[in-house]
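These notes are about the structure you will find just below.
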Amino acid sequence: MTSVRFDDRLAAEGLAPLRRDAVATLQVNVGKLCDLACHHCHVEAGPKRPERMTRRTAGRVLELLERNPQLTTLDLSGGAPELNENFRDLVRGARGLGRRVIDRCNLTVLQVPGQEDTAAFLAEHGVAVVASLPCYTPDNVEAQRGRGVFGRSLEALRQLNALGYGQSDSPLELDLVYNPLGASLPPPQAELEARYRKELLESFGIHFHRLLTITNMPILRFAHALARDGQAEAYQSLLVNHFNPASVPALMCRFLLSVSWDGGLFDCDFNQMLELPLGAGERSIWDVDDVDALAGARIATGMHCYGCTAGAGSSCGGALT
């Protein structure tokens with residue numbers, strides 16, 4: 204069972220082929236530059252990565268949003284998306300079009316020189332912040348993300364809280380992201396959220412809205428770590444053996460379009476990092492004007508897709524079931 208192709212497993216469950224529904228989210232990776240180099244990072248982002256979105260490509264992203272009002276959300280990721288010189292133009296442009304904007308923030312970037320006003324910028328434009336915080340204890344966070352990251356993350360969270368983010372009576376959304384330290388599935392999202400809320404409030408005075416649990420994907424940097432530790436086969440078996448067919452209808456690839464820093468189109472961010480072409484065939488944002496034309500197209504899959512369908516399921520919005 205551990206070697207069953209994902210498409211074959213879907214077929215056995217009467218769920219094949221996996222097809223895209225109406226696209227509501229444009230998820231844009233603006234580049235791989237980041238102030239951190241986390242062990243679990245499926246992007247293999249870091250301080251020395253040169254890949255970054257150009258002004259021309261960012262302009263086309265905004266043009267695509269304007270032409271497609273059904274795209275209600277612009278989801279910005281990286282790397283650290285805030286480090287791209289076009290990040291603020293993308294935010295202003297999308298908000299000017301009335302779209303919801305998500306910033307997938309690693310928190311520590313808010314202390315990088317030149318980023319001192321970024322938190323205030325996000326608040327001014329009503330950007331939803333989805334922030335990485337893989338634990339509420341320093342040892343676990345720093346084992347995954349590096350020395351000193353926990354304290355800097357708390358400082359950033361306090362800054363965001365002071366601006367209204369995460370407060371129960373505030374529209375400024377602040378969600379936290381948990382991913383396991385190693386080769387295991389996340390615990391139940393609701394239970395872990397309650398623990399996070401208690402620990403962060405009592406110990407550090409931190410407020411947030413939701414906790415999103417995300418499964419580590421066995422690709423690129425995390426895959427290398429699994430292979431190094433002799434855990435690659437066991438982890439893939441864990442994912443396959445915990446396949447949950449109830450997660451399939453809510454898979455994020457069915458409702459979003461993933462855009463790379465150079466304008467390439469993919470079915471999801473994970474496929475983008477594996478350079479697995481869009482199942483619909485189009486290659487870039489210059490090949491598509493109407494995203495509704497992609498509805499019903501097959502989605503490209505691989506063995507890594509078990510990561511999104513194991514246990515409670517996993518997506519950029521957290522657990523699926």
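So for the sequence shown, the working numbering puts the first residue at 204; every next one is plus one. For every residue, glycine included, the Cβ atom is placed at its ideal position computed from N, Cα and C. Bear in mind that the values here come from a model prediction, so they are computed numbers and not experimental data.
Tell me the DSSP secondary structure of residue i in three-state form.
i: D278; result: strand
i: Q230; result: strand
i: R208; result: coil
i: F411; result: coil
i: L313; result: helix
i: D238; result: coil
i: R307; result: strand
i: G296; result: helix
i: G249; result: strand
i: G516; result: coil
i: G385; result: coil
i: R255; result: strand
i: L379; result: strand
i: R302; result: coil
i: G217; result: coil
i: R223; result: coil
For residue i versus residue j, is the C-beta distance shorter than 8 Å?
i: N343; j: C237; result: no
i: D306; j: L336; result: no
i: L477; j: D470; result: no
i: P284; j: V233; result: yes
i: Y368; j: V332; result: yes
i: D472; j: L415; result: no
i: R348; j: L279; result: no
i: L441; j: A435; result: no
i: A503; j: L479; result: yes
i: N364; j: H410; result: yes
i: G282; j: R258; result: no
i: L229; j: L460; result: yes
i: A515; j: P391; result: yes
i: V462; j: I422; result: no
i: L268; j: L277; result: yes
i: S356; j: M455; result: no
Please report how far the alpha carbon of residue i lies from the alpha carbon of residue j, in whole angstroms.
i: S385; j: R270; result: According to the sequence as given, residue 385 is Gly; it is not Ser. Distance between the alpha carbons of G385 and R270: 42 Å.
i: V312; j: A214; result: 43 Å
i: R303; j: N447; result: 30 Å
i: G354; j: P341; result: 8 Å
i: S371; j: H328; result: 19 Å
i: L403; j: E319; result: 24 Å
i: T418; j: Y339; result: 17 Å
i: V330; j: P316; result: 21 Å
i: Y381; j: V294; result: 25 Å
i: L497; j: S406; result: 48 Å
i: R457; j: R223; result: 4 Å
i: E485; j: R350; result: 42 Å
i: Q439; j: L300; result: 42 Å
i: M420; j: Q362; result: 30 Å
i: G467; j: L388; result: 30 Å
i: G262; j: A500; result: 26 Å
i: D210; j: A483; result: 16 Å
i: L274; j: V491; result: 13 Å
i: E266; j: D465; result: 15 Å
i: L360; j: L375; result: 13 Å
i: G296; j: R255; result: 19 Å
i: L523; j: K235; result: 27 Å
i: G505; j: R400; result: 35 Å
i: F425; j: V231; result: 21 Å
i: P250; j: G217; result: 44 Å
i: A322; j: S206; result: 45 Å
i: H243; j: H427; result: 10 Å
i: G433; j: A346; result: 19 Å
i: V494; j: P452; result: 20 Å
At a Cβ threshold of 8 Å, is residue i touching chain D?
i: A322; result: Any reference to chain D falls outside this structure, which holds one protein chain only.
Which residue spans inside the stretch 487-512 form an unbroken alpha helix (DSSP H) run of at least 4?
Within the stretch 487-512, the runs of alpha helix (DSSP H) that reach at least 4 residues and sit entirely inside it are, in chain order, 509-512.
Which full runs of the beta strand (DSSP E) of 3+ residues lie inside the stretch 321-370, going along the chain?
Fully enclosed beta strand (DSSP E) runs of 3 or longer: 331-335.
Uninterrupted beta strand (DSSP E) stretches inside the stretch 401-488 (no shorter than 3 residues):
Qualifying beta strand (DSSP E) stretches, in chain order: 413-416, 459-462.
Are the stretch 433-453 and the stretch 507-524 touching, with three or more C-beta to C-beta distances below 8 Å?
Touching, yes, given that three or more Cβ pairs across the two stretches are closer than 8 Å.
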